[in-house]
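Peer 1: Got a structure for you, written out below as structure tokens; questions coming shortly.
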């Protein structure tokens, strides 16, 4: 498909969980009214992030958590464009890809996920690995596992569920002798903020039993040295940024309605209040009718 490609009646931007559910529904019921549908996504597969800690611990194979988007698109008759969304013009109903292609649409839905914010929060360092996008994160860790290098002293920034699960998985890294040293730097909010106190206590005890060090401070770099409070975290082979999701820059640049930090605003029907021909779900979106965490299943 090139720059003068014909109109997509329905454009699905991103191969996230919500759009996988849409494709599965279309397999059962068919694309509505014979509409021409296009799926724009940078990767041919969707990796289920919830299985990554289990893969690290040897409970799953590397490919066990993959959803084949190419096969799903083929079964539904949806045209597949393997490229990344770089810009949205909601008034002209047009998306521009990172490769420079333009895709016009009647209705569009965005399920692209958010972007990592580790560098913005911690600083710039080649040891930092963003959890998002999850595919690139797994590729980096798979390479380190294969080489058996760079995983002996791991620091995880972020005390949410994702950071905790990665701490357990890395501490029990399959085939690793000795076991990696894992430090979980939670930030000032502590371990699992927002969870029930009983859950937080049980998880803290489980981490202690596993030998995971937990530090309730914000991580930062000072003169090239990784710090938490007044404590040095060096040496560290790998710094994993599990610090939550930030909004892609193209969302705010588009002029569509967003919240205060740039996520695409949607109502209870996941429709944009400013451009009702645009929908969004997942980490790229924020509900205006009630607060929901970006990283979660609701």
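Residue numbers (this note's numbering): 27 to 324. We treat Cβ as the ideally placed atom computed from N, Cα and C, and that holds for glycine. None of the values given here were measured: they were computed from a predicted structure.
1. Between the Cα of residue 189 and the Cα atoms of 239, 205, 223, which residue gives the shortest distance?
2. Does the separation of the CB atoms of residue 289 and residue 149 fall below 7 Å?
3. Name the DSSP bridge partner or partners of residue 142?
4. Compare the beta carbon distance of residue 200 and residue 83 with 7 Å and say whether it is the shorter of the two.
5. Identify which residue in 314, 306, 313 has its Cα closest to the Cα of residue 136.
6. Report yes if the C-beta distance between residue 234 and residue 181 is below 7 Å; otherwise report no.
7. State buried or exposed for residue 274, treating a residue as buried only when at least 16 other CB atoms are found within 10 Å of its CB.
8. Using a 10 Å radius around the Cβ and a threshold of 16 neighbouring Cβ atoms, would you call residue 33 buried or exposed?
9. Going by DSSP, what residue range makes up the alpha helix (DSSP H) through residue 191?
10. Sort 215, 210, 140, 56 by Cα distance to residue 101 and report the nearest one.
11. With distances taken from CA atoms, which of 126, 179, 138, 214 is nearest residue 43?
12. So, at 7 Å on beta carbons, what are the nonlocal neighbours of residue 278 in its own chain, with the 5 sequence-adjacent residues on each side left out?
13. Roughly how many angstroms separate the alpha carbons of residue 178 and residue 249, rounded to a whole number?
14. How many angstroms separate the CA atom of residue 140 from the CA atom of residue 253?
15. Going along the chain, which residues of its own chain have a beta-carbon closer than 7 Å to the beta-carbon of residue 255, five neighbours each way excluded?
16. Residue 260: buried (16+ other C-beta within 10 angstroms of its C-beta) or exposed?
17. Curious, which full-length beta strand (DSSP E) runs of at least 3 residues does the segment 120 to 175 contain?
18. Could you tell me whether the Cβ atoms of residue 73 and residue 161 are closer together than 7 Å?
19. For the alpha helix (DSSP H) that residue 182 lies in, which residues bound it at each end?
20. Out of curiosity, what's the CA-to-CA distance linking residue 125 and residue 81?
21. Per DSSP, which residues does residue 93 bridge with? Please list them.
22. Just checking my contact of residue 53 with residue 154 at CB under 8 Å: how many whole Å lie between their CB atoms?
23. Helix, strand or coil: which one does DSSP assign to residue 33?
Peer 2: In brief:
1. Out of 239, 205, 223, 239 has the C-alpha closest to the C-alpha of residue 189.
2. For residue 289 and residue 149, no; Cβs fall outside 7 Å.
3. According to DSSP, which records beta bridges pairwise, residue 142 is partnered with 271.
4. Closer than 7 Å, so yes.
5. Nearest neighbour of residue 136 by Cα position, chosen from 314, 306, 313, turns out to be 306.
6. Not closer than 7 Å, so no.
7. With a 10 Å radius around the Cβ and a threshold of 16 neighbouring Cβ atoms, residue 274 comes out buried.
8. Its Cβ having fewer than 16 others within 10 Å, residue 33 is exposed.
9. Start and end: 187 to 197.
10. Among 215, 210, 140, 56, the Cα nearest to that of residue 101 is on 56.
11. Of 126, 179, 138, 214, the residue nearest in Cα terms is 138.
12. Beyond the five residues adjoining it in sequence on each side, residue 278 comes within less than 7 Å, by CB distance, of 284, 288 in the same chain, given in chain order.
13. Residue 249 has its alpha-carbon roughly 23 Å from the corresponding atom of residue 178.
14. Note on geometry: alpha-carbon atoms of residue 140 and residue 253 lie some 26 Å from one another.
15. Hits under 7 Å: 243.
16. Exposed, because fewer than 16 other Cβ atoms sit within 10 Å of the Cβ of residue 260.
17. If we require 3 residues or more, the beta strand (DSSP E) runs fully inside the segment 120 to 175 come out as 120 to 123, 128 to 136, 154 to 156.
18. Yes. Within cutoff.
19. For residue 182, no alpha helix (DSSP H) run applies; the uninterrupted beta strand (DSSP E) run containing it begins and ends at 179 to 183, by DSSP.
20. Rounded to whole angstroms, the gap between the alpha carbons of residue 125 and residue 81 is 33 Å.
21. Paired residues: 72.
22. Rounded, the Cβ-Cβ distance is 39 Å, inconsistent with contact.
23. In the structure shown, residue 33 sits in coil (DSSP, three-state: anything other than H, G, I, E or B).
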